[in-house]
Amino acid sequence: MEQNKDINQFDIPLAKRTYLSNSNSTLLKKLLIFSPFFFLLFSFAALRLIRNIELGIRSNLNFQDQRNHDHRILGHLPYAEISKENLVLIEPNIEVHIDMRDSLLKMRKEAKKDGIYLVFLSGYRSINLQNDIFYSLKSIRNQEASERARVSAPPGYSEHSTGFAIDIGDATQRETDFETEFENTDAFRWLIKHAAKFHFKLSFSKNNKFIDYEPWHWRYEGSIEALKIFENSNRNI
Ligand SMILES: [Zn+2]
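Here my numbering is used: the first residue of the sequence shown is -11, the next is one more, and so on.
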């Protein structure tokens, strides 16, 4: 009886140990069999993760590149030609975008009240006309394209083709038309003080790193359409 008891006491723990030990070894065997598979799975997941990170960085770089590259030619940004139905003639030879007409005429009227006589020199210019200006007139001066581009936009790259640009002179000092000396006229001083009220902005200031200073050249930014057109220019001066 006592012997049986001993056997029972001995057997039970031994049986348990054997069972546990078997279970562990089976698990270990399974792990060993499947380990190449797990290794491959892990490698595959890691490669996918690395690839995704790379793609993320690359698309971010592309986005940055698109933002930095604004398609300038010789410092000038591209501008589409305004559709004819948006053009209005405000005086002989001067056509402008219909959205800018009222503001422009109001500005001239207000200047006149202050004894300042603004004269409009050039408004809308077609891409064809710009082509003539850039390739015919400037080449007479024996200038290379890069030299010409400092004072005149290549065709397709002029703010004048949008109808939102206007060249302004002083009616009492016509010798300063299209000249840097225009900055010394009363008309220019008046514009610097008041043009923003009428939504006009000097396009090519002294700070512009691409294009020569043009005190006579102003653009209209008083509509969403105009702001969209000049967004690139306002972002990267
Ligand atoms: Zn101009």
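Positions of the beta carbon are idealized from the N, C-alpha and C atoms, including for glycine.
{"Asked": "Any non-hydrogen atom of ligand 1 within 6 Å of D155 CB", "Found": "yes"}
{"Asked": "Contact test: H182 Cβ vs ligand 1 heavy atom, cutoff 6 Å", "Found": "no"}
{"Asked": "Check whether R96 and L109 have beta carbons under 7 Å apart", "Found": "no"}
{"Asked": "Helix, strand or coil at D21 [DSSP, three-state]", "Found": "The amino acid occupying residue 21 in the given sequence is Ile; Asp does not appear at that position. Correct three-state label for I21: helix."}
{"Asked": "Endpoints, the alpha helix (DSSP H) within which D87 is located", "Found": "I86 to K101"}
{"Asked": "Residues near V76 by beta carbon distance below 6 Å, same chain, minus five either side", "Found": "I86 and R89"}
{"Asked": "Same chain only: Cβ atoms within 6 Å of T150, ignoring 5 sequence neighbours per side", "Found": "Y67, I70 and I217"}
{"Asked": "Beta-carbon proximity list for A153, same chain, < 6 Å, skipping 5 on both sides", "Found": "E147 and R207"}
{"Asked": "H64: CB within 6 Å of a non-hydrogen atom of ligand 1", "Found": "no"}
{"Asked": "Exposure of A33, with buried meaning 16 or more beta-carbon neighbours within 10 Å", "Found": "exposed"}
{"Asked": "Pairwise C-alpha distance: W178 and D158", "Found": "10 Å"}
{"Asked": "Selection from L19, L65 and V84 that minimises the alpha carbon distance to E219", "Found": "L65"}
{"Asked": "DSSP state of A153 mapped onto helix, strand, coil", "Found": "strand"}
{"Asked": "For R223, three-class secondary structure by DSSP", "Found": "helix"}
{"Asked": "Same chain, Cβ closer than 7 Å to S221, five either side skipped, listed in chain order", "Found": "L65"}
{"Asked": "Paired residues, beta bridge with I61 - DSSP", "Found": "H64"}
{"Asked": "K189 - containing beta strand (DSSP E), residue span", "Found": "F188 to L190"}
{"Asked": "For D120, three-class secondary structure by DSSP", "Found": "helix"}
{"Asked": "H85 beta carbon near ligand 1 (any heavy atom closer than 6 Å)", "Found": "no"}
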